[in-house]
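Protein chains: 2
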Amino acid sequence: MEGTYGAATLLGPGDDAAVIAAPDGRTVISIDTQVQDQDFRLQWPSGYKTTGFDVGWKAAAQNLSDINAMGATATSLVVSLTLPPETPVGWVEDLADGLTSAIRELGAANCSVAGGDLGRGREISVTVAVLGTLDGGPAVLRSGAKPGDILALAGTAGHAAAGLALLESSVPLDSLGPDLRGLAELQCRPQPPLAAGPAARAAGATAMLDISDGMLRDGLRLAAASGVAVDLLPGPLERLKDVLLPAAELLHADARDWVLGGGEDHGLLATFPSGTLLPPGFTAIGSIQALGMNERPGVTIAGRSADTGGWDHFAH
Amino acid sequence: MEGTYGAATLLGPGDDAAVIAAPDGRTVISIDTQVQDQDFRLQWPSGYKTTGFDVGWKAAAQNLSDINAMGATATSLVVSLTLPPETPVGWVEDLADGLTSAIRELGAANCSVAGGDLGRGREISVTVAVLGTLDGGPAVLRSGAKPGDILALAGTAGHAAAGLALLESSVPLDSLGPDLRGLAELQCRPQPPLAAGPAARAAGATAMLDISDGMLRDGLRLAAASGVAVDLLPGPLERLKDVLLPAAELLHADARDWVLGGGEDHGLLATFPSGTLLPPGFTAIGSIQALGMNERPGVTIAGRSADTGGWDHFAH
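These protein sequences, in sequence, are chains A and B.
Everything in the first sequence is counted per full-length UniProt numbering, starting at 1 for the first residue and increasing by one.
Everything in the second sequence is counted per full-length UniProt numbering, starting at 1 for the first residue and increasing by one.
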């Protein structure tokens, strides 16, 4: 299997630039940076120490998710690393290992690290630019949702936010059971559903984006780009919430905030024409509504204001 | 003319990724980061203050040079900015202006800024990933130089290094004449010869790279990748040195060190088959020699050791 990875890389590291296949005459590109103490802590209050592997994995996963959100398949990553001179070499090797492991284990089978750049700075900073291919199909934009469309979610919601709260808490991570530790692991090593983006495009998704800032904020982006209203269903939100209740109880937190406001799971929010058989991995969580006269694009839950208080009315 | 910029950008900012044309089914990609106090100072000993415009220009120019060095033409930049919260908004606007001005004024006519990402950090860091097209031709690698080839230079050599020395000196920049100030400006806003890369490819260049770390170090890279020896001609080196003599005299420096060791002009070092009519912008500065028995790839000046002392033998 290993030989099949990186099939799109026509010229890899060693020259001034790499050359990547773009079989349909287009390439999809996104860029994203992770900075120490902004996007991760080297040492968390819960006692967990972020590994180079975590940082490499997350840098790859976040970028692969952006390609997924267009309905595309990743072909290549290039990486620019800024490191303080005292960074241990082993930490950097772990980072490279995390990058390639995320590519492989998340299923980006044609993708490889095609090049990079290394420099010094006062803080660790990892920038990844990712390329992808649409294989001859259309890109799925944020702006295509139509009234009557089904709104669907692929992947988890709120798990990474719950994981962040656990990492930031003073409860030792080591003292927790595997389910709760799994939430913290998801914060450090997100699991974007990379098969779901191309599947959504193949199924005729009208709009899509990845949830990087939470269902409410990203739902609003989709609503604004499409000129529609997004209405969420209380039932599916409850089910998303229920799996987070043990963490919420431990931390005296409200799991609804994580479901509606948590982003770093990198799930996909997509819309499909009414009657579409949803592709594997997607669950219906709402619908798209026409804007009323003088109404602005927004997100509601069963027609009511979508702040956490609004949801209360529907809690079982 | 303005409407013709960015012709390659099929989908620009606003979605999770951009879509860029790759007309021959391949895309060239490189990535590079500039970090405050490593790659530039906000305030130099000479009194000069680096502007946002300078940083944006240099970030674009360095990356455009990597595409040029492959014989390719740039199609798109994506930018990831890390900024301390206290960075003035005007400085960031200047940076965006510097990026687009460099693209336009350096002649990257099909290129535009297709997307980006903004985050916080303790120091200013600007990462650019650049895409390019080879328009159906081969990429010019470092590894193709053959014994008997002509070695040629496009662009300046040592000007940016002299400019750096002027910026770092205690002589007020304001007190200098326009020629010396021009060297400092070239350090802050490099002028890679973007027409020269594709022209070299069209003329049959066998190997090429951009001079980012100096003629000796980058010449050695070309020699090592190609398995050859690089021999420089004293005459052309003297002429490159002579224009730097006023700066060298002012700073009691050796202009030869700048010519042989200075990199940030982002000129091109290319090899062509013997008898090739060199494309516009290129000057012959040496030749490629076969390695002798047990000889390792290296750089010489008229067959002698290429350290600065070696050159002394040939100084007029």
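All C-beta atoms in this analysis are idealised placements derived from N, C-alpha and C, irrespective of residue type, glycine included.
Determine the direct distance from the alpha carbon of residue j to that of residue i, and round the result to whole angstroms.
i                      : j                 : result
SER305 of chain A      : ASP242 of chain A : 21 Å
ILE150 of chain A      : THR87 of chain B  : 43 Å
ALA108 of chain A      : ALA184 of chain A : 23 Å
VAL92 of chain B       : VAL128 of chain B : 15 Å
LEU131 of chain B      : VAL113 of chain A : 16 Å
ALA202 of chain A      : ALA145 of chain A : 16 Å
VAL55 of chain B       : ILE20 of chain B  : 25 Å
GLY292 of chain A      : VAL299 of chain A : 13 Å
PRO234 of chain A      : ALA284 of chain A : 11 Å
GLY267 of chain B      : ALA196 of chain A : 45 Å
ALA162 of chain B      : LEU10 of chain B  : 41 Å
ARG189 of chain B      : TRP57 of chain B  : 6 Å
PRO13 of chain B       : GLY116 of chain B : 7 Å
ASP16 of chain B       : LEU220 of chain A : 14 Å
LEU186 of chain A      : ASN294 of chain B : 54 Å
GLN43 of chain A       : THR51 of chain A  : 9 Å
ASP218 of chain B      : GLN191 of chain B : 18 Å
PRO297 of chain A      : THR271 of chain B : 59 Å
SER287 of chain B      : GLY263 of chain B : 20 Å
GLY303 of chain B      : THR82 of chain B  : 47 Å
SER143 of chain A      : ALA18 of chain B  : 14 Å
ALA61 of chain B       : LEU269 of chain B : 17 Å
residue 348 of chain A : ASP231 of chain A : There is simply no residue 348 of chain A to check, as chain A begins at 1 and stops at 316 in what is shown.
ALA74 of chain B       : LEU106 of chain B : 11 Å
ILE29 of chain B       : THR33 of chain A  : 17 Å
ASP24 of chain A       : MET208 of chain A : 21 Å
ILE31 of chain B       : SER80 of chain A  : 6 Å
ALA229 of chain B      : ALA152 of chain B : 14 Å
TRP258 of chain B      : THR100 of chain B : 29 Å
PRO280 of chain A      : ALA255 of chain A : 26 Å
Bridge partners of residue i, per DSSP?
i                 : result
LYS241 of chain B : Paired residue(s): none; LYS241 of chain B is not in a bridge.
GLY177 of chain A : Beta-bridge pairing links GLY177 of chain A to no other residue.
ASP15 of chain A  : A:PRO13
VAL128 of chain A : A:ASP32, A:VAL79
ALA108 of chain B : None, per the DSSP bridge assignment.
ARG26 of chain B  : A:ALA21
SER305 of chain B : B:THR300
THR133 of chain A : A:THR73
Which first and last residues belong to the beta strand (DSSP E) in which residue i is found?
i                 : result
ASP117 of chain B : 112-120
LEU11 of chain B  : 9-11
LEU151 of chain B : 150-154
VAL299 of chain A : 299-301
Can you give me the start and stop residues for the alpha helix (DSSP H) that residue i sits inside?
i                 : result
GLY163 of chain A : 159-168
For my contact list, residue i and residue j are in at a C-beta cut-off of 8 Å; report their separation, rounded to the angstrom.
i                 : j                 : result
PRO193 of chain A : ALA224 of chain A : The pair is not a contact, with the Cβ atoms about 24 Å apart (cut-off 8 Å).
TYR147 of chain A : GLN289 of chain A : Sequence check: residue 147 of chain A is Pro here, not Tyr. Yes, they are in contact, since the Cβ atoms of PRO147 of chain A and GLN289 of chain A sit about 6 Å apart, within 8 Å.
ALA72 of chain A  : LEU134 of chain A : 5 Å
ASP66 of chain B  : ALA160 of chain B : Between ALA160 of chain B and ASP66 of chain B the Cβ distance is about 16 Å, and since that is not below 8 Å, they are no contact.
SER169 of chain A : LEU251 of chain A : 6 Å
GLU123 of chain A : GLU123 of chain B : 7 Å
GLY98 of chain A  : PHE53 of chain A  : 4 Å
ALA157 of chain B : ILE211 of chain B : 7 Å
PRO246 of chain A : ASP179 of chain A : 7 Å
THR276 of chain B : GLY204 of chain B : 6 Å
PRO172 of chain B : GLY261 of chain B : That belief does not hold up - the Cβ atoms of PRO172 of chain B and GLY261 of chain B are roughly 26 Å apart, past 8 Å.
Start-end ranges of the alpha helix (DSSP H) lying completely within the segment 218-294 of chain A, minimum 4 residues: Complete alpha helix (DSSP H) runs here, min 4: 234-242, 245-251, 255-261.
Write down every uninterrupted run of the alpha helix (DSSP H) in the segment 33-93 of chain A whose length is 4 residues or greater and which is fully enclosed by it, in chain order. 52-68
With a floor of 3 residues, list each beta strand (DSSP E) that falls wholly inside the segment 180-217 of chain B, ordered by position along the chain. 207-210
Looking at chain C, which residues of the segment 16-46 of chain A have a Cβ within less than 9 Å of any of its Cβ atoms? Here the protein chains are A and B, and chain C is not one of them.
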